[in-house]
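First up is the structure itself, then whatever we jot down about it.
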Amino acid sequence: MTNRRELLQLLVAGGVLGPAAAAALQEDAKLSTDILERAASLFEAEIDPARIREILPAVERNRDFFRVVRELEIGDDVEPAPTFDAKRAGGG
Amino acid sequence: MQDDLVFRPARELAALVRSKELSPVEIVEAFLARIEELDPKLNAFITVTADEARRFARAAEREIASGDYRGPLHGIPYAPKDILATRGIRTTNGSKVTPDWVPGYESTITERLRRAGAVLLGKLNLLEFAMGSGVLSGFGPSRNPWHLDYSPSGSSSGSGTALAAYLTPLSIGTDTGGSIRAPAAACGIVGLKQTYGRVSRYGVTTLSWTLDHAGPMTKTVADAAAMLQVIAGRDPKDPTSSSEPVPDYEAALASGVEGLRVGVPSGYFFEGAHPEVEAAMRAAIDLLGTLGARIVEVDVPHAELAGSAGWIVAMAEASSFHEKRLRETPELFDPLVRERLETAKFYSATDYIKSLRVRTILQDEMARVFESCDVMAVPGSTELASKLDDELAARSDVKPGSTSPAFRGGNTFLGNMTGLPAITIPCGFSKGPPSLPIAIQFYGRPFDEATILRAAHAYEGATDWHRRRPAFAA
């Protein structure tokens, strides 16, 4: 499975895309306390600025870790499974 | 008999109790003495209920003497993870947030064990709220009996430690992403995460409503079967519990693996595996073949997503569950739990729903896997037990000096995301030093715990890994 980011990385590595695309990829990987503060404000999450600074690396780490889910293309016919479904899982 | 009593599996103790060759009082005294001797170095227990255990053991002795024998757990000690509510007995969740909570109700699991005559020895340590660092959790780290500088893994850390050190013959752990099976792998014991809904979650403090399971942790597969027999089945107090009939698990153990189709996936499940884990797994699969199993290749194309998607679901639900506590007393949380709950506030609803769609994909793929096999075998963990983190490293998922995501949970999270049953048992030891346990994990069809117990029991019967004792606890 190849997602958008992986495709860009491949094209940059293969020389198909130039330094601007590589720089954009780098930039894409950076978060800042400002961004997080704005996001917290948007979500009305009660996290004080000192904590925002402390958890920034973990939020960034999560973003990398979850990219595989976020960039996955899923077919329109796949509905969410809110919980275990024995029939779907091959039982009953 | 007294000297080796604690080393006997629960089923052996039960046979002696039933024949009245051994009293529950003698058994309880032997384990209490061992806890007193060894636990100060292991920190497996948060609470020891010695007086209650003695009182309950005496009652069991009287009942059995008068012919009222309730079954294989009657008079046998156990200790659950301290996240199961016990009426009138402190239940800490391993946290300084709830260090003195004394529930006014009993979890269905401990209630069923009590009715079966099992004797509560105490409550076992854990990673805070089943997701902490261990090191900085409310009651400090449990230590791995195979080497005290090493982690027993988690989150059912105390259960893994206590079983490996023979401080209890039976335990109950909980498993949201692998928290029964990971300590089973790290400590060389048996961990069973049954099908979602097979066992009631009533009275088990929530981490994630849709991923949480509570199940047996034991020294042998037969002991896990005996425990499951007692705790399985519909519970009106847990609407997600299933009314699927509970079969006779002990009867299933005798069937062996002749003709059983064991699926072995390639790719993700073995990626990055420690070479000794890989070698032990291949040897275990060969042995299953020698015992008459038919080994078939299977594929779970999106297995790599189970860890990431599972983590989103687990932490999003945990962040919602702990919202009030986190707002009111954030400083009391293990720093790692606090970080995980706070960072989960930045997951979007779309992330969560997409992860639930990944759950659909994984359920469909596993249903296809079980069209061509009866059980699927994968490494219990691709790594050996690790050293306990220092306090700085324990504070965050971002480890000092590390540039890559540390978490790789797909081998176990697959079971939570699909709800399928899985059992982890020892299948070897690393050369060391220190020599550390290696484990194999069997997945099964929904509500088909009988078949994974059968496969695990057959493998266990042909090996002696489960009989090895750590030097510390020998």
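Read top to bottom, the protein sequences are chains A and B.
Those letters in the first sequence? Residues 1 to 92, per the working numbering, in order.
Those letters in the second sequence? Residues 1001 to 1474, per the working numbering, in order.
Where is the CB? At the ideal position from N, CA and C, for every residue including glycine.
Among the options, the one whose alpha carbon lies nearest that of residue i
{"i": "Phe1346 of chain B", "options": "A:Gly15, A:Leu11, A:Leu42", "result": "A:Leu42"}
{"i": "Glu1250 of chain B", "options": "B:Ile1046, B:Leu1228, B:Gly1117, B:Glu1258", "result": "B:Leu1228"}
{"i": "Gly1067 of chain B", "options": "B:Val1246, B:Ala1474, B:Arg1018", "result": "B:Arg1018"}
{"i": "Ala86 of chain A", "options": "B:Ala1458, B:Pro1446, B:Pro1072", "result": "B:Pro1446"}
{"i": "Arg1282 of chain B", "options": "B:Ser1396, B:Leu1384, B:Pro1379, B:Thr1108", "result": "B:Pro1379"}
{"i": "Ser1179 of chain B", "options": "B:Asp1235, B:Ala1458, B:Ala1422, B:Ala1473", "result": "B:Ala1422"}
{"i": "Thr1206 of chain B", "options": "B:Leu1287, B:Leu1084, B:Gly1256", "result": "B:Leu1084"}
{"i": "Gly1071 of chain B", "options": "B:Arg1114, B:Leu1120, B:Arg1055, B:Ile1035", "result": "B:Arg1114"}
{"i": "Ile1189 of chain B", "options": "B:Asp1235, B:Thr1451, B:Gln1441, B:Ala1450", "result": "B:Gln1441"}
{"i": "Gly1428 of chain B", "options": "B:Pro1169, B:Gly1215, B:Trp1465, B:Arg1408", "result": "B:Trp1465"}
{"i": "Glu1297 of chain B", "options": "B:Ser1320, B:Glu1323, B:Phe1269", "result": "B:Phe1269"}
{"i": "Gly1267 of chain B", "options": "B:Asn1411, B:Thr1350, B:Ser1396", "result": "B:Asn1411"}
{"i": "Ala1033 of chain B", "options": "B:Ala1284, B:Arg1054, B:Val1204", "result": "B:Arg1054"}
{"i": "Val1375 of chain B", "options": "B:Pro1275, B:Ala1474, B:Phe1472, B:Gly1259", "result": "B:Gly1259"}
{"i": "Gly1444 of chain B", "options": "B:Leu1148, B:Val1025, B:Arg1408, B:Thr1195", "result": "B:Thr1195"}
{"i": "Val1119 of chain B", "options": "B:Pro1152, B:Gly1154, B:Ile1027", "result": "B:Ile1027"}
{"i": "Lys1193 of chain B", "options": "B:Met1417, B:Ser1396, B:Ala1314, B:Leu1326", "result": "B:Met1417"}
Any chain B beta carbon closer than 8 Å to residue i
{"i": "Asp76 of chain A", "result": "no"}
{"i": "Glu79 of chain A", "result": "yes"}
{"i": "Arg38 of chain A", "result": "no"}
{"i": "Ile35 of chain A", "result": "no"}
{"i": "Ala58 of chain A", "result": "yes"}
{"i": "Val16 of chain A", "result": "no"}
{"i": "Arg53 of chain A", "result": "no"}
{"i": "Glu73 of chain A", "result": "no"}
{"i": "Ala89 of chain A", "result": "yes"}
{"i": "Ala50 of chain A", "result": "no"}
Beta-carbon proximity list for residue i, same chain, < 7 Å, skipping 5 on both sides
{"i": "Leu1042 of chain B", "result": "Ser1142, Arg1143, Pro1145, Thr1161, Ala1165"}
{"i": "Pro1103 of chain B", "result": "Ala1085, Thr1086, Arg1087, Thr1091"}
{"i": "Glu1328 of chain B", "result": "none"}
{"i": "Ala1116 of chain B", "result": "Arg1070, Gly1071, Leu1073, His1074, Val1230"}
{"i": "Ala1280 of chain B", "result": "Cys1427, Gly1428, Ile1438"}
{"i": "Glu1365 of chain B", "result": "Val1300, Pro1301, His1302"}
8 Å Cβ shell around residue i - same chain, five flanking residues per side excluded
{"i": "Leu56 of chain A", "result": "Leu31, Ser32, Thr33, Leu36"}
{"i": "Pro1400 of chain B", "result": "Leu1392, Ala1393"}
{"i": "Leu1287 of chain B", "result": "Tyr1459, Ala1462, Thr1463"}
{"i": "Pro1275 of chain B", "result": "none"}
{"i": "Val1531 of chain B", "result": "Outside the displayed span of chain B (1001 to 1474) sits residue 1531 of chain B, for which this structure offers no information."}
Short CB-CB distance (under 8 Å) between residue i and chain A
{"i": "Arg1366 of chain B", "result": "The amino acid occupying residue 1366 of chain B in the given sequence is Met; Arg does not appear at that position. With 8 Å as the cut-off, Met1366 of chain B counts as an interface residue toward chain A."}
{"i": "Gln1194 of chain B", "result": "no"}
{"i": "Leu1038 of chain B", "result": "no"}
{"i": "Val1358 of chain B", "result": "yes"}
{"i": "Arg1445 of chain B", "result": "yes"}
{"i": "Phe1413 of chain B", "result": "no"}
{"i": "Phe1442 of chain B", "result": "no"}
{"i": "Gly1233 of chain B", "result": "no"}
{"i": "Arg1327 of chain B", "result": "yes"}
{"i": "Gly1197 of chain B", "result": "yes"}
{"i": "Thr1210 of chain B", "result": "yes"}
{"i": "Phe1370 of chain B", "result": "yes"}
{"i": "Thr1240 of chain B", "result": "yes"}
{"i": "Gln1229 of chain B", "result": "no"}
Environment of residue i [buried if 16+ CB atoms lie within 10 Å]
{"i": "Pro49 of chain A", "result": "exposed"}
{"i": "Ser1386 of chain B", "result": "exposed"}
{"i": "Ala1130 of chain B", "result": "buried"}
{"i": "Lys1237 of chain B", "result": "exposed"}
{"i": "Thr1290 of chain B", "result": "exposed"}
{"i": "Glu1449 of chain B", "result": "buried"}
{"i": "Val16 of chain A", "result": "exposed"}
{"i": "Gly1272 of chain B", "result": "exposed"}
{"i": "Pro1239 of chain B", "result": "exposed"}
{"i": "Pro1183 of chain B", "result": "buried"}
{"i": "Thr1210 of chain B", "result": "buried"}
{"i": "Arg53 of chain A", "result": "exposed"}
{"i": "Gly1197 of chain B", "result": "buried"}
Residues near residue i by beta carbon distance below 6 Å, same chain, minus five either side
{"i": "Gly1479 of chain B", "result": "No information on residue 1479 of chain B is available, as it lies outside the stretch 1001 to 1474 that chain B covers here."}
{"i": "Lys1096 of chain B", "result": "Gly1138, Leu1332"}
{"i": "Arg1294 of chain B", "result": "Arg1261"}
{"i": "Val1358 of chain B", "result": "Leu1305, Ala1309"}
{"i": "Leu1038 of chain B", "result": "Ala1165"}
| request: Determine which residues of the region 1263–1297 of chain B have a Cβ less than 8 Å from any Cβ of chain A, and write them out in chain order. | output: Within the region 1263–1297 of chain B, no residue has a Cβ that lies closer than 8 Å to any Cβ of chain A.
| request: Compile a chain-ordered list of the residues in the region 1123–1148 of chain B whose CB is closer than 8 Å to at least one CB of chain A. | output: Taking 8 Å as the Cβ-Cβ cut-off, the region 1123–1148 of chain B has no residue approaching chain A.
| query | Any residues in the region 1302–1321 of chain B with a beta carbon nearer than 9 Å to a beta carbon of chain E? Which ones, in chain order? | reply | Note that chain E does not occur in the displayed structure, where the protein chains are A and B.
| Selection of the region 1330–1356 of chain B by Cβ proximity to chain A, strictly under 7 Å | Taking 7 Å as the Cβ-Cβ cut-off against chain A, the residues of the region 1330–1356 of chain B that qualify are Glu1339, Glu1342, Thr1343, Lys1345, Phe1346, Asp1351, Ile1353, Lys1354, Ser1355, Leu1356.
| task | For the region 1380–1399 of chain B, enumerate the residues whose C-beta is nearer than 7 Å to any C-beta of chain A, in chain order. | result | Answer set for the region 1380–1399 of chain B: Ser1396, Asp1397, Val1398.
| query | Which residues, in order along the region 1416–1440 of chain B, keep a beta-carbon less than 8 Å from a beta-carbon of chain A? | reply | Against chain A - using a Cβ distance shorter than 8 Å - the residues of the region 1416–1440 of chain B are Thr1418, Gly1419, Leu1420.
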